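In what follows, a structure is listed as structure tokens, so that the remarks can point back to it.
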Amino acid sequence: MTDKSEHMNTVLKAGNLSEFINGLSGPISLCGPVSDDTKDHQLIHVHVEKSDGVNHLNISNF
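Residue numbers (the numbering used here): 143 to 204.
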């Protein structure tokens, strides 16, 4: 059995996360320790693993 997953890492402003997610094709699964007081201008790290057609996003603050 081969691993067919794809990985991508990116850094973006927290306020642009929804736009980034809308640009992905397929279902989304979100997790990550992003603080509730994160401001839109703050940078966040997003790791995307696409496996079996599902985008698994792990999001964290710097």
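Beta carbons: idealized from backbone N, C-alpha and C, even for Gly. Owing to the predicted nature of the structure, the values given are computational and were not obtained by experimental measurement.
query	result
Would you give the residue range spanned by the beta strand (DSSP E) that S160 belongs to?	Segment L159 to N164 is the alpha helix (DSSP H) holding S160; no beta strand (DSSP E) there.
Regarding M150 and the ligand NAP, is the C-beta to nearest heavy atom distance less than 7 Å?	Ligands in the displayed structure: none, and consequently the ligand NAP is not present.
Can you find the residues in the same chain that come closer than 6 Å, C-beta to C-beta, to V153, ignoring five residues on each side of it along the sequence?	L185 and H187
Could you check the C-alpha separation between M150 and H189 for me, to the nearest Å?	6 Å
Give me the Cα-Cα distance between S147 and V176, rounded to the nearest whole angstrom.	24 Å
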